[in-house]
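Down below is the structure, laid out as structure tokens.
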Amino acid sequence: MAKNTSFLTNAKNFVRHAVERRTRPERFILSDKTPNDVIYSEGIMKLRYYPHTDTEAFELDDEQVTPTTARHKVPVLLVPPLGVFGWIYDLMAERSWVRFLNARGFEVYLLDWGSPTKENSDLCLETYVNQWYTKAVEEVHNHSGSDKISLVGYCMGGLLTLLYAGAHGHGNIQNIVTIASPIDFHKNHIQGKFLKALDKVTKHIPLSSLEVNPSKFHVPGDMVSVAFKLTNPLAGVFSYFDLVRNLSDREYIQAHLTTKEWFTNMADYPGATVQQLGLKFSLRNQLASGIIPLTDHEADFSRIDANYLGFAGTTDNIVSIPAAKKIIDLISSKDKSFEVVPGGHAGVFAGGKAKLHTWAMTADWLAERSA
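For the sequence shown, the numbering used here gives the first residue as -8, with consecutive numbering after it.
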């Protein structure tokens, strides 16, 4: 009788969840739930502060985390890539960078790039680096009372971090952590070989002659999502079958759909930035040279002397290990290290093994350098 009851219960849950998933999918999304305060905004950009709200032990990926009462002196600014939303750092209660770092004693801030539309096609690297990143760091200093800061950037968030540090970091940056951030685009898997060959063919053509109206390059979020999924097309098929098999398990559905939201609800890429990434970074491979012009400023990676920790994923098919590791050769930091950890492009940041590797190593490394 108990077995029949269990079967019937599972069957009812299966049907109810299947219907609810179609009619009210937002009920399953758990991202962006950690309380935060917007302490500065400019245009579509917002700077968020996450107060310490966890006072008792909580579960994080099936492990108990006990918040410490000790506070590190150096605050942490989390920097997401463009093309996604800042809540990837607060994906769900059990897989949240902000909760984890808060529990480890850090004052946590998030640079939220917002949701650009085609009207924001003129947003360029100069806006993100020279204007918004610079102002966000200034506001973190003012809010925290610390004259030092730690910067943690994922994917392009890491590139923007390095560009800021190379152009504007003048002794205020204590630590830098980048995760799956490509520097040498010509060493980035098979696409890197293609870009290198194309660069040779077009090297005598001035980049200015290739530039067009930024609105022509504006990439809608749904196209960003398609491009990301095409890097691993079979993953979506297997993921769907896993979901169907577990439709009676509400917690599984919540975790599945919340993670899926990351890859299906992506942000637009402003046209001006797309042009710069495509022509200067991808084609001409300027980042690998270590010197990148930014209109009135120049980002020179050799000026970066902050403590540095970099990560790359063993199975990342978007950013190769050599492409990410190139930064070690370009910065002047005396304390610098690079770690290869399990996971693909998303997994290295927020996968099932990320807490044991990327998260824990980042927190331990920062703690030793945040006194």
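Note that the Cβ used here is the ideal one computed from N, Cα and C, for glycine as well.
Taking a contact as a CB-CB distance under 8 Å, the pair S323 and D296 counts as one, their CB atoms being some 5 Å apart. Cβ contact annotation for H134 (same chain, cutoff 7 Å, sequence separation greater than five): I30 and Y40, in chain order. Using a Cβ distance threshold of 8 Å, A171 and F340 count as a contacting pair.
With respect to the 8 Å criterion, S141 and V203 are not classified as neighbours on the basis of their beta carbons. Contact check for D190 against L274 passes: the beta carbons are separated by less than 8 Å. Under the three-state reduction of DSSP, D81 is assigned to strand.
For T169, the three-state secondary structure derived from DSSP is strand. Between L69 and S22, the gap from beta carbon to beta carbon reaches 8 Å or more.
Taking the Cβ atoms as the reference, T169 lies roughly 29 Å from T193, outside the contact range of under 8 Å.
A Cβ-Cβ distance of about 7 Å is found for the pair I319 and G301, placing them in contact under the 8 Å criterion. Across the structure, L51 and L198 are spaced so that their CA atoms are roughly 48 Å apart. Membership of M352 in the alpha helix (DSSP H) is indicated by the continuous run A351 to E359. N308 is not a Cβ neighbour of H348, given a cutoff of 8 Å. Per DSSP, reduced to three states, the secondary structure at L51 is strand. DSSP places P205 in the helix class (H, G or I) of the three-state scheme.
When the alpha-carbon of K109 is set against those of Q122, I181 and T264, the nearest one is in T264.
Annotated three-state conformation of S135 is helix, per DSSP. By the C-beta criterion, the segment 71 to 80 is judged to be in contact with the segment 246 to 262, since at least 3 inter-stretch pairs fall below 8 Å.
Annotation for I319: the continuous alpha helix (DSSP H) segment containing it runs I318 to L321. Cβ-Cβ separation between R95 and A354: approximately 4 Å, consistent with a contact (criterion under 8 Å).
Residue F208 holds the alpha-carbon nearest to the alpha-carbon of D113 among F185, S293, F208 and S216.
The alpha-carbon of W78 is positioned some 21 Å away from that of D53.
In this structure, the beta-carbon distance from F97 to W350 does not fall below 8 Å. The continuous beta strand (DSSP E) containing V332 extends over residues K327 to V332.
At the C-beta level, L357 and V67 come within 8 Å of one another.
Of all alpha-carbon atoms in P313, R294, L38 and K344, the one lying nearest the alpha-carbon of N179 is that of P313.
At least 8 Å separates the beta-carbon of A158 from that of I167.
Of the residues assessed, Q55 falls on the exposed side of the cut-off, its CB having fewer than 16 other CB atoms within 10 angstroms.
Rounded to whole angstroms, the gap between the alpha carbons of I196 and L270 is 11 Å. In the structure shown, F97 adopts coil according to DSSP, grouped into three states.
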